[in-house]
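Protein sequences, first through last, are from chains A and B. FYI, in my numbering the residues of the first sequence are 1 to 253. FYI, in my numbering the residues of the second sequence are 254 to 718. Written below as structure tokens is the structure these notes are about.
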Amino acid sequence: MPDRAANPVIADLQQRIAHLEGGAGRVREVLPFGIAQIDSRLPGGGLALGALHEVAGGGNGAVDGAAAALFAAGIAARAKGKVLWIVTRADLFAPAIAQAGLAPDRVIHVEAGDEKALLACFEEGLRHGGLGAVVAETAHLSMTASRRLQLAAEASHTIGMAMRRWRRQTEAGDFGQPTASATRWRVSVLPSAPLPVPGLGRARWLVELIRAKAGESADFEVEACDAKGCIALPSEVADRPPQKEVWRRVASA
Amino acid sequence: MVAALDAKAQALGAGIGMAVTKAQALSPGLIVLDADPAADGEGLHKLALWALQRISPVVMADPPDGLVIDTTGTEHLHGGEAAMLTTLVERFAAAGVEARAAIADTWGAAHAVARFLRPPTLVIPPGEVVAVLRPLPLAALRLGPDTVTGLRTLGFETIGDLLDQPRAPLTLRFGPEVGRRLDQALGLLAEPVDPVRPSELVEVRRVFGEPIGAAETIARYIGKLVEALCAELEKRGLGARRLDLLFHRVDNTLQVIRVGTAQPVRDRKRLTRLLCDRIETIDPGFGIEILVLVAIESEPVSDRQTISSLVEAPEPDVSDLIDVLANRVGENRLCRFVPVQSDVPERSVARVPPLAPETGATWEGDWPRPPRLLSRPEPIETMALLPDHPPVWFTWRGIRRRVRRADGPERIRGEWWTRDAEMTAVRDYFRVEDESGERFWLFRSGDGERAETGSQSWFLHGIFG
Numbered sequence: 001m002p003d004r005a006a007n008p009v010i011a012d013l014q015q016r017i018a019h020l021e022g023g024a025g026r027v028r029e030v031l032p033f034g035i036a037q038i039d040s041r042l043p044g045g046g047l048a049l050g051a052l053h054e055v056a057g058g059g060n061g062a063v064d065g066a067a068a069a070l071f072a073a074g075i076a077a078r079a080k081g082k083v084l085w086i087v088t089r090a091d092l093f094a095p096a097i098a099q100a101g102l103a104p105d106r107v108i109h110v111e112a113g114d115e116k117a118l119l120a121c122f123e124e125g126l127r128h129g130g131l132g133a134v135v136a137e138t139a140h141l142s143m144t145a146s147r148r149l150q151l152a153a154e155a156s157h158t159i160g161m162a163m164r165r166w167r168r169q170t171e172a173g174d175f176g177q178p179t180a181s182a183t184r185w186r187v188s189v190l191p192s193a194p195l196p197v198p199g200l201g202r203a204r205w206l207v208e209l210i211r212a213k214a215g216e217s218a219d220f221e222v223e224a225c226d227a228k229g230c231i232a233l234p235s236e237v238a239d240r241p242p243q244k245e246v247w248r249r250v251a252s253a
Numbered sequence: 254m255v256a257a258l259d260a261k262a263q264a265l266g267a268g269i270g271m272a273v274t275k276a277q278a279l280s281p282g283l284i285v286l287d288a289d290p291a292a293d294g295e296g297l298h299k300l301a302l303w304a305l306q307r308i309s310p311v312v313m314a315d316p317p318d319g320l321v322i323d324t325t326g327t328e329h330l331h332g333g334e335a336a337m338l339t340t341l342v343e344r345f346a347a348a349g350v351e352a353r354a355a356i357a358d359t360w361g362a363a364h365a366v367a368r369f370l371r372p373p374t375l376v377i378p379p380g381e382v383v384a385v386l387r388p389l390p391l392a393a394l395r396l397g398p399d400t401v402t403g404l405r406t407l408g409f410e411t412i413g414d415l416l417d418q419p420r421a422p423l424t425l426r427f428g429p430e431v432g433r434r435l436d437q438a439l440g441l442l443a444e445p446v447d448p449v450r451p452s453e454l455v456e457v458r459r460v461f462g463e464p465i466g467a468a469e470t471i472a473r474y475i476g477k478l479v480e481a482l483c484a485e486l487e488k489r490g491l492g493a494r495r496l497d498l499l500f501h502r503v504d505n506t507l508q509v510i511r512v513g514t515a516q517p518v519r520d521r522k523r524l525t526r527l528l529c530d531r532i533e534t535i536d537p538g539f540g541i542e543i544l545v546l547v548a549i550e551s552e553p554v555s556d557r558q559t560i561s562s563l564v565e566a567p568e569p570d571v572s573d574l575i576d577v578l579a580n581r582v583g584e585n586r587l588c589r590f591v592p593v594q595s596d597v598p599e600r601s602v603a604r605v606p607p608l609a610p611e612t613g614a615t616w617e618g619d620w621p622r623p624p625r626l627l628s629r630p631e632p633i634e635t636m637a638l639l640p641d642h643p644p645v646w647f648t649w650r651g652i653r654r655r656v657r658r659a660d661g662p663e664r665i666r667g668e669w670w671t672r673d674a675e676m677t678a679v680r681d682y683f684r685v686e687d688e689s690g691e692r693f694w695l696f697r698s699g700d701g702e703r704a705e706t707g708s709q710s711w712f713l714h715g716i717f718g
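Listed below in structure tokens is the structure:
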């Protein structure tokens, strides 16, 4: 957050808070998205390793979780090491995950019988430390459960991704409940970029950063994961002239 | 005398207990083999050992033709009781042994159900033993032939008839056997199972002067037992693939923890961890007096030199995590997906064990695939121009969507080498996007022109992100 760090008093305060939080002397590692607009909104300049992140789909995606699965797969693909993918409903189609950059050799799939077993496997995977990321498709995540997962992730530097996916659209209101996760994302589908010929262009998502610990929420319009798991900004957003608003905020900070 | 015969011989009219000459007279070409009870017993013992390694830690041969398996606490590793029985019978059938299997609350009940009810596999839910046993004939009670004949002379036909009678006169006439067998079948009388133990197994045991019960105490002694076992395994150059921990309780019952590993292991910490993970499934009752730890399956393991960290960072080993998870949710619920050479989407994915060798293979082709694939394509209503245009709109699960953009068709032909019906089958897949930006994977069964290629109806098969 370059705009806030400009003020030495706030920077000093931030340092003291970080010290109180127990992270003293430990550099928090992050996994950057590689897009300046998104990374600058995240504390540390990227998705924190050793933390729990929540991803959900918007609209019908709350039930099918298709875009959210690809978003999570893209992040897991860019993390190093094997990935544990835990589900209760087995409808994930592996070739799509491979197309998002997550090679089939790297993913170990677990079919847990119920939510309780799923959370137990999730925590076990986070605690182990040899994995790059753990993705779990879960409907309910209580404060207690998420705190346990967060602690397990902190100790092992593994990315934990709770993919929130509900049985019914009406249950998706559960996403408003507080949890201990570091960031919370909602990924909804948008119409793809128009092509000059009949056909379907690269998929587009509205990625909303609903909550970020020590950061502010924001939303981005991005293009879906490529074969290496990287999302991209649409060209009209990436290449537009710098906005005046950004400058005004720095001046007032 | 005829001691045993197969289904064909039975159809010809031969029966057990018939003189051999009479049977041969019934059908001249009959193949007669000398009965060899000793070899039969040996074969049964071998089957018991096989079941001991594959199914459950407590297995006993029940001569002349049965196996008793105590499945308590092991069914979740095989995907449930019914699935376990089906696999068991299928495995036997593949080896040329016709088998029937049943699970019930008691040995006596399972024995009767397996032999006297028609379905080859049957699971009797807890508490329904009496209702199931009532209509069965007396022979199902494991009584001597003389007793059965005597009871039938008195007019008793089914177990239900016996249950309704007062016990005393029966005991006076036929001895205590009838009452004992009845009680055993109903679970009123305990019937111990004496499990088979092959002699070459690595086994360590610990007898306690004072029975133990607390979870911490059990965990401590598990640690000690594992240490002794690992020392023994190291001497033989083996690693454990499957471990049984048997708890002998003071009330003469047996409780078991069984754990498996994906690779041979003799790491003390890992084995202790796996066993201690399951302590809460054990009910110590009034106390445990003997702990026995057995490596049911072991394989040779050789020490490997680890990669020096100076050259490259070693790939982190996840096999211990896989063992922990496999013992928690079941081995068959962990997998990796690998590509199969097939264009039909639902056949292009195969499951392999998580530690299978890595091939580096991935799915070929540039056509995008949806992250969610419906297990069964769902029929949709559409309006589309034939032969090769995407739909203009479609209705799925009651919601009508107008198609804004579409891509396709991607034509996938049936695999004529797997089924005759697929000789001419064709599916045309389209990626479509509706007005709100949701993307779906639709296909038309058929090429839109010729009727023999499919029904020309539309289906939704997947959801894109």
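Ideal placement from N, C-alpha and C gives every residue a C-beta, glycine not left out.
For B/Ala352, there is no enclosing beta strand (DSSP E), since its DSSP letter is neither H nor E.
Contact between B/Leu441 and B/Ile412 is absent: CB atoms are separated by about 14 Å, not below the 8 Å threshold. With a cut-off of 8 Å on Cβ pairs, the segment 543-552 of chain B is in contact with the segment 475-495 of chain B, counting three or more such pairs. DSSP lists no beta-bridge partner residue for B/Val382.
Note on B/Ile284: under 16 other CB atoms within 10 angstroms of its CB, so exposed under the neighbour-count rule. The three-state reading of DSSP puts B/Gln418 in coil, since its state is none of H, G, I, E or B. Residue pairing by DSSP puts A/Trp85 in a beta bridge opposite A/His109 and A/Val135. Per DSSP, reduced to three states, the secondary structure at A/Asp219 is strand. Taking a C-beta distance under 8 Å as the contact criterion, B/Leu454 and B/Val547 qualify as a contact pair. With a 10 Å radius around the Cβ and a threshold of 16 neighbouring Cβ atoms, B/Asp497 comes out buried. For B/Val512, there is no enclosing alpha helix (DSSP H); the residue is found in the beta strand (DSSP E) stretching over Leu507 to Val518. A/Ile159 is classed as buried because its beta carbon has at least 16 other beta carbons within 10 Å across all chains shown. Under the Cβ criterion of 8 Å, A/Gly125 is counted among the residues facing chain B. Chain order gives the chain A residues near B/Asp660 as Gly199 and Leu200, where near means a beta carbon separation below 7 Å.
B/Leu375 and B/Met313 have their C-alpha atoms some 20 Å from each other. Secondary structure note for B/Leu305: its alpha helix (DSSP H) is the uninterrupted segment Pro290 to Arg307. Using a CB distance below 9 Å, the part of the segment 88-107 of chain A facing chain B consists of Ala90, Asp91, Leu92, Phe93, Ala94, Pro95, Ala96, Ile97, Ala98, Gln99, Ala100, Ala103, Pro104, Asp105, Arg106 and Val107, ordered along the chain. Around A/Phe220, the same chain offers Gln37, Ile38 and Val207 as residues with beta carbons nearer than 7 Å, after the five sequence neighbours per side are excluded. Going by DSSP, B/Trp646 is part of the beta strand (DSSP E) stretching over Pro644 to Trp649.
Rounded to whole angstroms, the Cβ separation of A/Leu102 and A/Ala76 is 6 Å, and the two are in contact under 8 Å.
Per DSSP, the unbroken alpha helix (DSSP H) holding B/Glu485 starts and ends at Ala468 to Arg489. Taking a 10 Å sphere around the C-beta of B/Ile475, we find 16 or more other C-beta atoms and assign the residue as buried. The CB of A/Ser156 never comes closer than 7 Å to any CB in chain B; the least such distance is about 10 Å. For a Cβ distance threshold of 8 Å, residue set Ala94, Pro104, Val107 and His109 of chain A lies close to B/Phe590, ordered along the chain.
Against chain B, the beta carbon of A/Ala66 has neighbours under 7 Å at Pro623, Pro624, Arg625, Ile716, Phe717 and Gly718, listed in chain order. Taken through DSSP and simplified to helix, strand or coil, B/Ser698 comes out as strand. Straight-line measurement puts the Cα of B/Leu300 at about 24 Å from the Cα of B/Gly583.
Here DSSP, grouped into helix, strand and coil, assigns B/Leu638 to coil. A straight line joining the alpha-carbon of B/Gly332 with that of A/Leu52 spans about 31 Å. Interface residue (Cβ-Cβ distance to chain B less than 8 Å): A/Asn7 is not classified as such. Here B/Trp360 is not bridged, per DSSP, to any residue. Note that the segment 608-616 of chain B touches the segment 574-591 of chain B; at least 3 beta-carbon pairs, one per stretch, sit closer than 8 Å.
Of the candidates B/Arg426, B/Ile541, B/Ala365 and B/Asp641, the residue whose Cα lies closest to the Cα of B/Arg395 is B/Ala365. Here A/Trp166 is near A/Val63, since their CB atoms are less than 8 Å apart. Contact between the segment 177-189 of chain A and the segment 85-95 of chain A is absent: fewer than three C-beta pairs spanning the two stretches fall below 8 Å. At least 8 Å separates the CB of B/Leu713 from every CB of chain A.
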